[in-house]
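So the protein lines, in turn, are chains A and B.
Using our numbering, read the first sequence as starting at 1 and increasing by one per residue.
Using our numbering, read the second sequence as starting at 1 and increasing by one per residue.
Each residue gets a CB set at the ideal place from its N, CA and C atoms; glycine is no exception.
What follows is a single structure, written as structure tokens, with notes after it.
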Amino acid sequence: MSALDVESATGPATAPPEHGRLFWLLADCGNIVRRGLTHYWRQPVNIAWQLGFPILSVLLYGYVFGSAMTVPGGGDYKDFLMPGMFAMTMAFGFINTATVVVYDSTKGVVDRFRSMPMSSSAVVAGRGVTDLVVACAELAIMMLTAVAMGWRPDGGWGFLAAFGLLLWLRFALIWIGVWLGLLVPNPEAAGGLFAVAFPLTMISSIFVAPQLMPEWLGWVAAWNPISSTAAAVRDLFGTPVGGGDSWVEQHALLMAGVWPVVLTAVFLPLAVRRFQRLSR
Amino acid sequence: MSERHAVRAEGLAKSYGDKHALDGFDLTVREGTVHGLLGPNGAGKTTAVRILSTLIGLDGGRAEVAGLDVARQAREVRARIGLTGQYAAVDEVLTGRQNLEMFGRLFHLGGRRARARAVELLEQFDLTDAADRGVGKYSGGMRRRLDLAASMILAPAVLFLDEPTTGLDPRSRGEVWASVRDLVASGTTVLLTTQYLEEADKLASRITVIDRGRAIADDTPDGLKDLVGGDRIEVVVADRAEIPGVVKTVARVCEGEPEVENEALRVHAPVTDRVSALTEVARTLQDEGVAVEDIGLRRPSLDDVFLRLTGHRTSAEPVRHAEKEAMAA
Ligand SMILES: Nc1ncnc2c1ncn2[C@@H]1O[C@H](COP(=O)(O)OP(=O)(O)O)[C@@H](O)[C@H]1O
Ligand SMILES: [Mg+2]
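Below is the structure:
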């Protein structure tokens, strides 16, 4: 007699009713998202950790160094700084993705998911959706902080478009996060990602306009995908300060759309390949 | 077919580079039994379990679980198995209840049934009191039990337990053993890997001994003991210098070759004529003035079986932590 035949009112559950593949992909995805959000619900301090550095930066640069910071071509440094901080918050998000992925894959949670009859794409998709929902919350908190400090963006479609562009950057970085999360050997090593992320994020236009940097550094900073997003959302918020003359700076909006496509095109396949390697 | 098989593997092969993790591994597990897969660290136990639970592909051979081919019917296999890996694969942030409800929903039970099943399992695994505490605060034994509970959500036909008690204190180990016995009573077939000879002996009705990716024996615990021969006489001395003298005495009295465990200061050899051999050895040693710590007869353990089959002790194999870490990655 097989154990599957055993069934009683209080006994073990039987196999589920039949539904289509897409139904279960969405249902599984929803459950993974629910799990991710429950993590934040149970440990709200995690959001504080993730926002700690951006908020500290806002306060430090807004109040302490603010008067010493200048924007080329004039304009309020706050209008330059705040969009940069939003872009930085999105950029640091990939560390968050990687941390959860490395944790799940080394502690056997991913193995458990993979040994279950659920959709395996849902594990990754659910992670991505969770990260985007959390990113929305982070952006909202950052924006309220900025408003409290006197930042006054234009409302309307421009604002929504800016919000969308920031999420678009975050979306692309999910794949870098998943890829790195499957690459690093243990959760401790994931902590080291911050050391890599920090300079990559700083060499951009989030704090200082590239024109004010040494020429070669300014060139690198201008081509940083984070700079394009920061510059594009400054425009969309109705505060186009500190823009440069180079081609990439002149086409910030275009590049803010294109960069995430490029990043996704490179890192999504890498992440998928890494995920498939788990079955080898 | 008079007997049904929950697991049947033939000639499983799996290599990592030029390292053969499995090298023609055969296994047959009868339905409704606990089958022990016993072997030292690095023998290939985890690799076998990961292949049978569809987590990794195989390079050669074929395997059926619950009558389904693991390579071609992976999804169907997954609906019929439970897996408790070497690490307790539960979410540390969620509570015990939230874990079981989440896995229940991911097993496609739907919210209401997932909740009800969680309540039942928490009760069954004695976790009701801790149900709403974060798993991060659980003891090792509680975590393992929650892990087992999660593997049992769909009442799997076959449950794979990969070293379920490694790293647990004796009390938690006993708790896990009790849970496993309950599971089998409810009809589940269990394939249990272990490095603990005692564990295989206690739980399994049949044991496959694995070494270097191959099954080197397949028998009942008693059958394996018979393989080694009958009882053994065992002498423990106080001083290492006494060992050669003891070996000489034991060799003269007993028919089999004495074996020496230098670190344990222990000499043992098979005996047939139990009591007279014991008396004879004891008297001779006393006459020679050897300081004996302990002397006695003991039934063969599975450790002896391993020594007999492979020529080395299970504990003699160094624990390769670096490899474990690399595999976890
Ligand atoms: N992913 C892997 N990459 C490289 N070598 C591996 C991998 N998995 C297992 N091995 C090797 O295969 C052998 C068997 O490992 P394993 O099945 O984990 O043994 P056990 O579980 O019995 O300790 C070991 O020598 C181990 O180093
Ligand atoms: Mg193992």
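- Counting only residues of its own chain and dropping the five nearest sequence neighbours on each side, I216/B has a CB closer than 6 Å to the CB of V209 and L309.
- Neighbourhood of Q98/B in chain A, by CB distance below 7 Å: T38, in chain order.
- Annotation: A178/B to T106/A spans about 28 Å, alpha carbon to alpha carbon.
- For V247/B, same chain residues with a beta-carbon under 8 Å away, outside a window of 5 residues either side, are P258, V260 and V267 in chain order.
- Assignment of T54/B by DSSP, reduced to helix, strand and coil, places it in the coil class.
- The three-state secondary structure of E261/B, taken from DSSP, is strand.
- The C-alpha of D218/B lies about 43 Å from the C-alpha of E288/B.
- At a cut-off of 8 Å between beta carbons, R35/A contacts chain B.
- Distances from the CB of E163/B to the heavy atoms of ligand 2 include at least one below 7 Å.
- Close partners of V93/B in chain A (Cβ separation under 8 Å): T38, H39, R42 and Q43.
- Residue pairing by DSSP places H35/B opposite L191/B and R206/B in a beta bridge.
- By the neighbour-count criterion, in which 16 or more other beta carbons inside 10 Å mark a residue as buried, N262/B falls on the exposed side.
- Within its own chain, the residues whose Cβ lies closer than 7 Å to the Cβ of A162/A, once the five positions on either side in sequence are excluded, are V233, L236 and F237, listed in chain order.
- Residue F94/A holds the alpha-carbon nearest to the alpha-carbon of V196/A among I141/A, F94/A and P153/A.
- For I233/B, the closest Cβ of chain A is not nearer than 8 Å.
- Short of 7 Å from the beta carbon of D26/B, and not among the five residues preceding or following it, lie these beta carbons of its own chain, in chain order: A9, E10, G11 and A215.
- Residue pairing for H20/B: DSSP places it in a beta bridge opposite S15/B.
- Within the segment 115–191 of chain B, the runs of alpha helix (DSSP H) that reach at least 4 residues and sit entirely inside it are, in chain order, 140–151 and 170–185.
- Annotation for K45/B indicates a beta carbon within 7 Å of some heavy atom of ligand 2.
- Annotation for Q86/B indicates a beta carbon within 7 Å of some heavy atom of ligand 2.
- Annotation: P270/B is outside any alpha helix (DSSP H); the continuous beta strand (DSSP E) that includes it extends over R266 to P270.
- The C-alpha of F198/A is placed about 30 Å away from the C-alpha of D154/A.
- For K225/B, the number of other beta carbons within 10 angstroms of its own is at least 16, and it is reported as buried.
- Between the beta-carbon of V178/A and that of V101/A there is about 5 Å, and that keeps the pair under the 8 Å contact cut.
- Identification of chain B residues near W175/A by a Cβ-Cβ cut-off of 7 Å yields none; the smallest Cβ-Cβ distance measures about 20 Å.
- For R298/B, the uninterrupted beta strand (DSSP E) run begins and ends at V292 to R298, by DSSP.
- Using beta-carbon distances, L192/B does not count as an interface residue toward chain A, since no partner is under 8 Å.
- For D69/B, the secondary structure class from DSSP, reduced to helix, strand or coil, is strand.
- DSSP places L253/A inside the alpha helix (DSSP H), whose first and last residues are A252 to R277.
- In the DSSP assignment, D218/B falls within the unbroken beta strand (DSSP E) covering R214 to D219.
- Set against 7 Å, the gap from the CB of G164/A to the closest heavy atom of ligand 1 is not smaller.
- For the segment 76–121 of chain B, the full-length alpha helix (DSSP H) segments reaching 4 residues or more read 96–106 along the chain.
- Contact residues of the segment 47–65 of chain B toward chain A are S53, T54, L55, I56 and G57 (C-beta to C-beta distance below 7 Å).
- A distance below 7 Å between beta-carbons, with the five flanking residues on each side excluded, links A256/A to the following residues of its chain, in chain order: L165, S228, T229 and A232.
- A direct Cα-to-Cα measurement between R298/B and E242/B gives close to 21 Å.
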